[in-house]
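2 protein chains.
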Amino acid sequence: MLITSPHLDAAFAALADPTRRAIVARLALGEATVMELAQPFDMSQPAISKHLKVLEIAGLISRSRDAQRRPCRLEPQVLADASGWLDHYRDVWERNFRRLDTLLDEMKRQEKKSSVPRRRAKKK
Amino acid sequence: MLITSPHLDAAFAALADPTRRAIVARLALGEATVMELAQPFDMSQPAISKHLKVLEIAGLISRSRDAQRRPCRLEPQVLADASGWLDHYRDVWERNFRRLDTLLDEMKRQEKKSSVPRRRAKKK
DNA sequence: TAGTTGTATAACTAAATAGTTATATAACGT
DNA sequence: ACGTTATATAACTATTTAGTTATACAACTA
Chain E
-11 MLITSPHLDA AFAALADPTR RAIVARLALG EATVMELAQP FDMSQPAISK HLKVLEIAGL
49 ISRSRDAQRR PCRLEPQVLA DASGWLDHYR DVWERNFRRL DTLLDEMKRQ EKKSSVPRRR
109 AKKK
Chain A
-11 MLITSPHLDA AFAALADPTR RAIVARLALG EATVMELAQP FDMSQPAISK HLKVLEIAGL
49 ISRSRDAQRR PCRLEPQVLA DASGWLDHYR DVWERNFRRL DTLLDEMKRQ EKKSSVPRRR
109 AKKK
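Structure below.
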């Protein structure tokens, strides 16, 4: 979890671009060729090829061969890794939040038990 | 889920840097000042301040004031949003995978029922 | 008030990124 | 073999990024 850094660098960087996230979203529905992936975008074909290379290097997609075509498929493992990293630290945060929260509760309860008598003592 | 793009651009870009992920990891344990966050890194203080600004703009952290200090705290919502995006498309992929998988199974079953008779017919 | 501590900003540089057009490669159909 | 289709690569440009040092600002302490 902690030392998967170089891997996650590429994954998060790849996902930071809206065009690439749209490609990932499209590929979640199934394989597609470069032409098919390029079609929705107002962008040159080489630009799409470059985005696909970024996704491939990040391990988010893989490509096979079908005649002249290079169908792309989503590789969900890296999505899972990125999600795992996020969830891990959300979880750590939540545990610490709860810990502090109960600590504050206990301090309040201590106050009720101890500060009232203290005031009484002062009054006396 | 689909149109939260500009938001996710900044979040994923912020998380693409290992220094910033380390800062997020540290803040999951609780608040910390800029000095405390900078200490583990072989990097100038202004560099850390810039990383913190990137994280703040992405909505991943927030900062308060304590005398000269600017304690940083993690804001887990954006982590949750990013994780949600990933999980959503993993889920879409998985559903489509299963759908294709059962489709293939059905096709195989059809083959058993229909192609064997066809072969018999040919032989005859 | 003067010095100190904690943090931010300015100005700069080197490297990386996202796009372009033009061209090359690869496999098909005729 | 020849033109066509699908994709990749090269060369270039503009923008962004991650770092630097020097400096400014803000709030404390003596």
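These protein sequence lines map, in sequence, to chains E and A. FYI, the working numbering numbers position 47 of the first sequence as 35, with every residue one higher than the one before it. FYI, the working numbering numbers position 115 of the second sequence as 103, with every residue one higher than the one before it. Just so you know, even glycine gets a beta-carbon here, dropped at the ideal spot from N, CA and C.
For Arg8(E), the enclosing alpha helix (DSSP H) starts and ends at 6 to 15. Nearest CB-CB separation between Asp89(E) and chain A: not below the 8 Å threshold.
Taking a cut-off of 8 Å for Cβ pairs, the segment -4 to 14 of chain A and the segment 35 to 48 of chain A touch, as three or more such pairs fall below it.
The beta carbon of Leu15(E) is closer than 8 Å to those of Leu25, Ile49, Cys60, Arg61, Leu62 in its chain, skipping five residues each way along the sequence. Using beta-carbon distances, Arg51(A) does not count as an interface residue toward chain E, since no partner is under 8 Å. With contacts defined as CB atoms closer than 8 Å, Leu(-4)(E) and Trp81(E) fail to qualify as a contacting pair. Under the Cβ criterion (8 Å, minimum of three pairs), the segment 84 to 94 of chain A counts as touching the segment 16 to 23 of chain E. Chain-order list of chain E residues neighbouring Phe0(A): Phe0, Leu3, Ala4, by C-beta distance under 7 Å. Here Leu88(A) is exposed. Its C-beta has fewer than 16 other C-beta atoms within 10 Å. Look at Ala2(A) here: in three-state DSSP terms it is helix. For Leu62(A), the uninterrupted beta strand (DSSP E) segment begins and ends at 60 to 62. Taking all protein chains in view, the Cβ of Arg97(E) is surrounded by fewer than 16 other Cβ atoms within 10 Å, so the residue is classified as exposed. Proximity of chain E to Ser71(A) at the Cβ level (cut-off 8 Å) is accounted for by Ser71, Leu74, Asp75, Arg78, in chain order. With respect to chain A, the C-beta atom of Val22(E) has no partner C-beta closer than 8 Å. Taking Val66(A) as the centre and dropping the five residues before and after it, the same chain places the C-beta of His(-5), Ala(-1), Ala46, Gly47, Leu48 closer than 8 Å to its C-beta, in chain order.
If you check each beta-carbon in the segment 6 to 17 of chain E against every beta-carbon of chain A, the ones closer than 9 Å belong to Pro6, Arg9, Ala10, Val12, Ala13, Leu15, Ala16, Leu17. Chain-order list of chain E residues neighbouring Pro64(A): Arg78, Trp81, by C-beta distance under 7 Å. Using a Cβ distance threshold of 8 Å, Val22(A) and Arg58(A) count as a contacting pair.
Any Cβ of chain E closer than 8 Å to the Cβ of Ala68(A) would place that residue at the interface, and such an atom is present.
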